[in-house]
Amino acid sequence: MTDPHGRMWQVSPATNFQVSPSSPGQIWQASCAALMTRAPVLSARLVAEYIKDVPA
2 MTDPHGRMWQ
12 VSPATNFQVS
22 PSSPGQIWQA
32 SCAALMTRAP
42 VLSARLVAEY
52 IKDVPA
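Quick look at the structure:
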């Protein structure tokens with residue numbers, strides 16, 4: 002996935018140990034090599050919002 006600033010993000014399913022028992026619906030995580038950052042484990046909609054809102 003490419004964000005509005007042209008950075009490439011890899012979106013992948015979270016592993017079992019990353020999923021909180023209190024929030025089992027949060028199953029995706031995104032990472033960006035250019036920013037050397039990883040999003041928190043979120044729902045698909047929230048991952049998309051997170052990527053869209055990361056500052057330039």
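Numbering (the numbering used here), first residue to last: 2 to 57.
All residues carry an ideal CB built from backbone N, CA and C; glycine is no exception.
With a 10 Å radius around its C-beta and 16 neighbouring C-beta atoms as the bar for buried, classify L43 as buried or exposed.
-> Taking the sequence shown and counting its residues from 1, the one referred to as residue 43 is at position 42. The residue in question, L43, is buried, as its Cβ has 16 or more Cβ neighbours within 10 Å.
Go ahead and label Q11 buried or exposed: buried means 16 or more other beta carbons lie within 10 angstroms of its beta carbon, across all protein chains shown.
-> Within the sequence shown, the letter at position 10 stands for residue 11. The residue in question, Q11, is exposed, as its Cβ has fewer than 16 Cβ neighbours within 10 Å.
To the nearest angstrom, report how far apart R46 and I28 are at their CA atoms.
-> What you label residue 46 is simply residue 45 of the sequence shown in a count that begins at 1. What you label residue 28 is simply residue 27 of the sequence shown in a count that begins at 1. So the alpha carbons of these two residues sit roughly 11 angstroms apart.
CA-to-CA distance, T38 to S32, given in whole angstroms | As a working note, residue 32 is residue 31 in the sequence shown. As a working note, residue 38 is residue 37 in the sequence shown. So the alpha carbons of these two residues sit roughly 6 angstroms apart.
Alpha-carbon to alpha-carbon, A40 and M9 = Counted from its first residue, the sequence shown places residue 9 at position 8. Counted from its first residue, the sequence shown places residue 40 at position 39. C-alpha separation (whole angstroms): 13 angstroms.
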